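To start, the structure itself, in structure tokens.
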Amino acid sequence: MRVNQLPSLTRCKPLLGTYVEITAHTDGDHPLAYRDLTYCIEKAFSTIQDLHHRFNFYAENSELSHLNRLAHLGSLEISPQLKALLLIASEMYCHSEGLFNCGIGQCTLRLAKDQVRFGDLSDLQFLAHDHVYANRPLCLNLGGIAKGYAVDCAVDILLKEGVAAGCVNAGGDLRVFGHQAQKIHLRMPHQCHALIELGELQNGAVASSANYFFSPTSVRTLDQRIVHPEQQLPSNSPHSYSIIAPQCVHADALTKVLALSQQIVHPCFERYGAKPFIFYHDANDITNATLKKIRH
Amino acid sequence: MHWKPSSIVFLAGASAISSSCLAHARIYISVDQAQKILFPGSQFTLQPTLIDQALQASLKKVSGVHYPFRGEYIWRDQVGNYLVIDEVVGKHEMIRYAVGITSTGTIQGIEILEYRESYGYEVAEQQWRQQFVGKTAHDPLKLNHDIQNISGATLSSKHITDGVKRVMHFYQIALKGAK
Numbered sequence: 001m002r003v004n005q006l007p008s009l010t011r012c013k014p015l016l017g018t019y020v021e022i023t024a025h026t027d028g029d030h031p032l033a034y035r036d037l038t039y040c041i042e043k044a045f046s047t048i049q050d051l052h053h054r055f056n057f058y059a060e061n062s063e064l065s066h067l068n069r070l071a072h073l074g075s076l077e078i079s080p081q082l083k084a085l086l087l088i089a090s091e092m093y094c095h096s097e098g099l100f101n102c103g104i105g106q107c108t109l110r111l112a113k114d115q116v117r118f119g120d121l122s123d124l125q126f127l128a129h130d131h132v133y134a135n136r137p138l139c140l141n142l143g144g145i146a147k148g149y150a151v152d153c154a155v156d157i158l159l160k161e162g163v164a165a166g167c168v169n170a171g172g173d174l175r176v177f178g179h180q181a182q183k184i185h186l187r188m189p190h191q192c193h194a195l196i197e198l199g200e201l202q203n204g205a206v207a208s209s210a211n212y213f214f215s216p217t218s219v220r221t222l223d224q225r226i227v228h229p230e231q232q233l234p235s236n237s238p239h240s241y242s243i244i245a246p247q248c249v250h251a252d253a254l255t256k257v258l259a260l261s262q263q264i265v266h267p268c269f270e271r272y273g274a275k276p277f278i279f280y281h282d283a284n285d286i287t288n289a290t291l292k293k294i295r296h
Numbered sequence: 297m298h299w300k301p302s303s304i305v306f307l308a309g310a311s312a313i314s315s316s317c318l319a320h321a322r323i324y325i326s327v328d329q330a331q332k333i334l335f336p337g338s339q340f341t342l343q344p345t346l347i348d349q350a351l352q353a354s355l356k357k358v359s360g361v362h363y364p365f366r367g368e369y370i371w372r373d374q375v376g377n378y379l380v381i382d383e384v385v386g387k388h389e390m391i392r393y394a395v396g397i398t399s400t401g402t403i404q405g406i407e408i409l410e411y412r413e414s415y416g417y418e419v420a421e422q423q424w425r426q427q428f429v430g431k432t433a434h435d436p437l438k439l440n441h442d443i444q445n446i447s448g449a450t451l452s453s454k455h456i457t458d459g460v461k462r463v464m465h466f467y468q469i470a471l472k473g474a475k
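These protein sequence lines are chains A and B, in that order.
Residue 60 in the numbering used here sits at position 60 of the first sequence, and the numbers go up by one each step.
One gets the numbering used here by counting positions in the second sequence from 1 and adding 296 to each.
Put into structure tokens, the structure is as follows:
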């Protein structure tokens, strides 16, 4: 029986600044009642909502804002959730040789570069008993990794509750799970309403980065684009960058490495079992929907 | 993890566009399901409200949402909880959603009921539509309801944030304290 033929429920909520969709399928051997599916999905949404509040860069009272304000003043206790994400982010910062860097928050807030000398993940020290300390003031923005992490946490909850198969999709960063492969579609660069079938994925994640929903002149969307950590400038690339990996947190973060390095052979990808894809689009020929070149 | 790439990943050019589909739509849950999820056990009755010009102007001023608020999809239960259905229309999407408001005026939850992509967009963007004519099978603008897992750049949910602000302002003015 195909996954999409099993009894299932799909719900969607506005979270993490985007639309988060959760699909849960029951299993023929151990069927969950409809109300149980509702409960499982609700629990997964609650987890994402909690992470949304903790990692929100733009909310003054979030745990991340608390860290950005205080970590350089002395040892600071943080939650296991924030610690787990910061450890993953720090590891990816090292393995990507600084290309994946959450220390670009000042760019998204448009603070003058020379006004305050902010540090980055290399300035963060992990101390005993869930404490951290920063050598320099921080302005970390976890927007490049938090969605993927939240997706993984939600999938963990669904699996723990006995959901047989499903998908958690946070605005295009998604992870599928279960014993059947599921079809994955991808939006085409500059034709965001046109979808192509990328392939079939089982127990894995896909994340993509592209500028097709972003207007170069829009103040609202400027802060959502990938920022180069050295040049401190947002990307204007017309191409679409996708990563397939076992964990969504890695797929999400590695799209930034792919977009900034433009290299499909970066050693970072192999380390995380990731497969990179670049969908090229000729920026001078926006009206032509044909993909100019596809590599993987 | 098991990954089987589509043949499109190995091909370029015309095959790419002929294998693509255009936009999609999805119905998540019904109004009845939203009521049961947000307020389990409650019995709701429809309580439409007339939105006069002054109220409409006030809602627009507070939320920044330009299209009119429709007052016919409002439900109330026996203890004063409300379920308000609203729509947001963006450049890329039309979204119908439900806001659950408790009798004390706090948000119980928000549920997306329906997501419809390229709503009005394909009509407005003639050039965009023209390029697909004859290139895809049967109906080039048919919305695809079967697409399940879509990866891509993040679509902002700011329209919903503005919409919920409008619904809550409407509650304060028109619903709070009503019998």
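Even glycine gets a Cβ: it sits at the ideal position worked out from N, Cα and C.
Quantities reported herein were computed from a predicted structural model and do not represent experimental measurements.
Which first and last residues belong to the beta strand (DSSP E) in which residue i is found?
i, result
"residue 203 of chain A", "Premise fails: residue 203 of chain A is in no beta strand (DSSP E) and is neither H nor E."
"residue 341 of chain B", "340 to 342"
"residue 127 of chain A", "124 to 127"
"residue 18 of chain A", "18 to 25"
"residue 395 of chain B", "389 to 397"
Start and end of the alpha helix (DSSP H) containing residue i?
i, result
"residue 465 of chain B", "454 to 466"
"residue 348 of chain B", "Careful: residue 348 of chain B lies outside any alpha helix (DSSP H) and carries neither H nor E."
"residue 375 of chain B", "Looking at the DSSP string, residue 375 of chain B is not in any alpha helix (DSSP H), and its letter there is neither H nor E."
"residue 43 of chain A", "34 to 55"
"residue 94 of chain A", "80 to 95"
"residue 298 of chain B", "Segment 298 to 301 is the beta strand (DSSP E) holding residue 298 of chain B; no alpha helix (DSSP H) there."
"residue 327 of chain B", "327 to 334"
"residue 68 of chain A", "63 to 70"
"residue 274 of chain A", "From DSSP, residue 274 of chain A is part of no alpha helix (DSSP H); its letter is neither H nor E."
Below 8 Å on the Cβ atoms is my contact criterion, and I expect residue i with residue j to pass it. Report the Cβ-Cβ distance as a whole number of Å.
i, j, result
"residue 392 of chain B", "residue 410 of chain B", "4 Å"
"residue 252 of chain A", "residue 144 of chain A", "7 Å"
"residue 151 of chain A", "residue 170 of chain A", "5 Å"
Under three-state DSSP, which class holds residue i?
i, result
"residue 417 of chain B", "Model confidence at residue 417 of chain B stands at a pLDDT of 46, short of 50, so the residue's coordinates are unreliable; what they give is reported in the following sentence. The answer is helix: DSSP assigns residue 417 of chain B an H, G or I state."
"residue 186 of chain A", "strand"
"residue 179 of chain A", "coil"
"residue 267 of chain A", "helix"
"residue 100 of chain A", "coil"
"residue 239 of chain A", "coil"
"residue 119 of chain A", "coil"
"residue 144 of chain A", "helix"
"residue 163 of chain A", "coil"
"residue 474 of chain B", "coil"
"residue 11 of chain A", "strand"
"residue 136 of chain A", "coil"
"residue 324 of chain B", "coil"
For residue i, which residues of its own chain have a beta-carbon under 6 Å away from its beta-carbon, when the five flanking residues on both sides are left out?
i, result
"residue 272 of chain A", "245 and 250"
"residue 323 of chain B", "410"
"residue 203 of chain A", "177"
"residue 405 of chain B", "334 and 396"
"residue 12 of chain A", "19 and 21"
"residue 358 of chain B", "465"
"residue 458 of chain B", "359, 360 and 361"
Taking the beta carbon of residue i as the centre, do at least 16 other beta carbons fall within 10 Å, making it buried, or is it exposed?
i, result
"residue 209 of chain A", "buried"
"residue 400 of chain B", "exposed"
"residue 362 of chain B", "exposed"
"residue 415 of chain B", "Unreliable placement is indicated for residue 415 of chain B, whose pLDDT of 47 sits below 50; no coordinate value is reported for it."
"residue 80 of chain A", "exposed"
"residue 402 of chain B", "exposed"
"residue 276 of chain A", "buried"
"residue 14 of chain A", "buried"
"residue 444 of chain B", "buried"
"residue 45 of chain A", "buried"
"residue 420 of chain B", "With a pLDDT of only 44 at residue 420 of chain B, under the threshold of 50, the placement of this residue in the model should not be trusted, and no figure is reported."
"residue 469 of chain B", "exposed"
"residue 73 of chain A", "exposed"
Only counting the same chain, and skipping five residues up and downstream in sequence, which positions put a Cβ closer than 7 Å to that of residue i?
i, result
"residue 23 of chain A", "8, 10, 166 and 167"
"residue 56 of chain A", "62 and 64"
"residue 261 of chain A", "99"
"residue 367 of chain B", "344, 345, 346 and 347"
Mind listing the chain E neighbours of residue i? Cutoff is C-beta to C-beta under 8 Å, in chain order.
i, result
"residue 62 of chain A", "Here the protein chains are A and B, and chain E is not one of them."
If you drop the 5 nearest sequence neighbours on each side, which residues of the same chain put their C-beta closer than 8 Å to that of residue i?
i, result
"residue 370 of chain B", "342, 343, 344, 345, 378, 379, 380, 381 and 471"
"residue 131 of chain A", "75, 76, 77 and 78"
"residue 101 of chain A", "93, 120, 121 and 229"
At a cut-off of 7 Å, would you count residue i as near the ligand FAD, judging by its Cβ distance to the nearest heavy atom?
i, result
"residue 350 of chain B", "Of the ligands one can find in the structure shown there are none, so the ligand FAD has no counterpart to examine."
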